[in-house]
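Written below as structure tokens is the structure these notes are about.
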């Protein structure tokens, strides 16, 4: 189903680039044998790596550039002086219709800024959001924004709800995802103006979204809803808090096992079970934060990603393209418009 | 060291009140045999429970009232019509100097509102904050605000830093606690105006606080700093996200063990180790959110608390009184004043 999909890869982005990018593409090609790759970066480094993978060599083109965006570059700096960088050229390929998606493990701020300027937002969406999915007790959920917008108003949150809804349909394959708004309590009066106003608008009958209402921090892991909507400040902190807590609990488990002879014996028996658990929580499985709301598909892989992790980020991009993410966003915005509702505040109606 | 300390207890607050309140006081009395309790609530219910514990009976007085604040009451409603409630009378006892601390497992919003109005804030502190401590990889840390103030400016955050610092000294026994400000990145330019301005003020040489700088969500579990300062919206969500994640990981562990015969055998051997782990993460150990910044000590226990849990909330109150929390806050504010710095923005100097 991924027939004819072209993925532009920033071959120089990430701690282990370009090696892991090339090997990541090789792994992804096993999953999607009909995908085509465009590798942007230092040809002298990419070619020898590519030579190791015959199949990939046949389905990849190399686009040489000597420039790359450094991990320390500020977004404004990358925008100004990174016009010939591997990251920028990969984004340009999508803007020019030569590729369908761009995937990079490079500088997050630079990727966000460049994608915003080059790909532009879909009409009806004011600001793109960063989204990711993660395991919960009931399956998988999506959360956005994860840090692209530190301050958000009710318009932004309503638009994020729409973007998250379509992402859950296209990437998680849910028919009618349930959307919740992150808050400090479930009662209507809780929280600040932006969340209260966004909730009021999402509760309207004309809204195409299946809105659950407010959810709290512990609903994230519980999987109470499929899509969690929040501002980029809160979302970033919630996501990183969850990651840090997983590490903390696993560390405590380890020291509990090590602490006694019986614990060590138990560990030997339970090793298989524990490895399965590690697989279930493996952050590499959930690699790939997506910039939603742009007129193009842009996926950000973790900077420290290995090849498997990078392949998963590529998979997210392929899923979005294959399942028509952009078309569905446009359709939904049109349907909203036809219904006389808009994801923007209807100040005229007040 | 808890000689002569008087604790006012809202005997009617919490899902299992008054039984767990009385039994909680009994447990706490074993730890602090010189403490005295004042139990506010329905005498007809409290007396028969108290009769079971001889020692406690000798060190407790009962103050009858038929009214109690319901769990559903709004703060404004509780303030207006709860003047004869067990919660209000317990707070009044502190305000009138008859008790040193108040502990309640009742309605959080009502307790916060009543404490604020009755006990008032310490001069130099604009708004009280809710704080709690929790386990990390390096020991224990304190976080505030956990939900008392949904929106906070730089003044509030700087004041919270001061309150958290003194709490870490008095309750966690740290000599020079390190304070961090929760943000979406560690660079100076990250985040919104309030966190950036608060950080600039905490970095000043005249600040008595050992300021680490910005910390991110994963630093909470890592124990990077001793005190984490944030607004009540973010803090509430971060704390509940961490709680939900602990539940998620434990649930995953359980199902991993159950999944195979070897896993089940391993579990039998490792049971002791796992119980120790559960003890280490036991939320009952960390029961007791504290309202800091008031002219009195007010501790909120979880509504679903059992007796052990409630005894831990009492312990937090005793520690704060015994270690002179209120005096230290006043001293620190005076010292700041003498240095010509103030926890408020120095608009005159700009």
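Residue numbers (the numbering used here), protein chains in the order written: chain U, 1 to 350; chain C, 351 to 700. Where is the CB? At the ideal position from N, CA and C, for every residue including glycine.
8 Å CB neighbourhood of residue i in its chain, flanking five on each side removed
i	result
residue 355/C	382, 384, 385, 386, 450, 451, 668, 671 and 672
residue 584/C	532
residue 221/U	136, 137 and 242
Simplified DSSP assignment, three categories, for residue i
i	result
residue 577/C	strand
residue 376/C	helix
residue 636/C	helix
residue 485/C	strand
residue 392/C	coil
residue 545/C	helix
residue 274/U	helix
residue 346/U	At residue 346/U the pLDDT is 46, less than 50, meaning the model places this residue with poor confidence and gives no usable figure here.
residue 158/U	helix
residue 294/U	strand
residue 317/U	helix
residue 367/C	coil
residue 401/C	coil
residue 215/U	strand
residue 460/C	helix
Short CB-CB distance (under 8 Å) between residue i and chain U
i	result
residue 510/C	no
residue 568/C	yes
residue 492/C	no
residue 572/C	yes
residue 541/C	yes
residue 501/C	yes
residue 357/C	no
residue 709/C	Any property of residue 709/C remains undetermined from this structure, which presents chain C solely from 351 to 700.
Same chain, Cβ closer than 6 Å to residue i, five either side skipped, listed in chain order
i	result
residue 459/C	425
residue 68/U	12, 85 and 86
residue 580/C	532
residue 23/U	307
residue 683/C	474
residue 46/U	11, 18, 39 and 62
residue 428/C	419 and 460
Min CB distance residue i to chain C below 8 Å
i	result
residue 247/U	yes
residue 236/U	yes
residue 280/U	yes
residue 262/U	yes
residue 302/U	no
residue 257/U	yes
residue 80/U	no
residue 36/U	no
residue 240/U	yes
residue 212/U	no
residue 46/U	no
residue 201/U	no
residue 198/U	no
residue 209/U	no
residue 157/U	no
residue 243/U	yes
residue 325/U	no
residue 182/U	yes
residue 265/U	yes
residue 347/U	Low local confidence applies: a pLDDT of 42 at residue 347/U is under 50, so the model's placement there is unreliable, and no value is given.
Close-in-space but distant-in-sequence residues of the same chain around residue i (CB under 7 Å, 5 per side omitted)
i	result
residue 615/C	none
residue 330/U	122
residue 88/U	82 and 114
residue 223/U	136, 137, 138, 139 and 141
residue 666/C	521, 638, 640 and 649
Identified DSSP bridge partners for residue i
i	result
residue 210/U	178/U
residue 143/U	132/U and 228/U
residue 8/U	38/U and 102/U
residue 417/C	435/C
residue 300/U	104/U and 289/U
residue 471/C	644/C
residue 61/U	38/U
Contact test: residue i Cβ vs the ligand GDP heavy atom, cutoff 7 Å
i	result
residue 434/C	In terms of ligand content, the structure shown is empty, and the ligand GDP therefore cannot be addressed.
Touching or not, the stretch 252–261 of chain U and the stretch 615–635 of chain C, by the rule of three or more beta carbon pairs under 8 Å? By the Cβ test, the stretch 252–261 of chain U is in contact with the stretch 615–635 of chain C, since at least three Cβ pairs between them sit closer than 8 Å.
Report yes or no: do the stretch 461–468 of chain C and the stretch 500–520 of chain C share at least 3 C-beta pairs separated by less than 8 Å? No, the stretch 461–468 of chain C does not touch the stretch 500–520 of chain C.
Check whether the stretch 517–533 of chain C and the stretch 557–569 of chain C touch, using three or more Cβ-Cβ pairs below 8 Å as the test. A contact exists between the stretch 517–533 of chain C and the stretch 557–569 of chain C.
Stretch pair the stretch 162–170 of chain U + the stretch 183–199 of chain U: three plus CB contacts closer than 8 Å: They do not touch, by the three-pair rule.
Would you be able to state if there are at least three C-beta pairs under 8 Å between the stretch 302–316 of chain U and the stretch 16–26 of chain U? Yes: at least three Cβ pairs fall under 8 Å.
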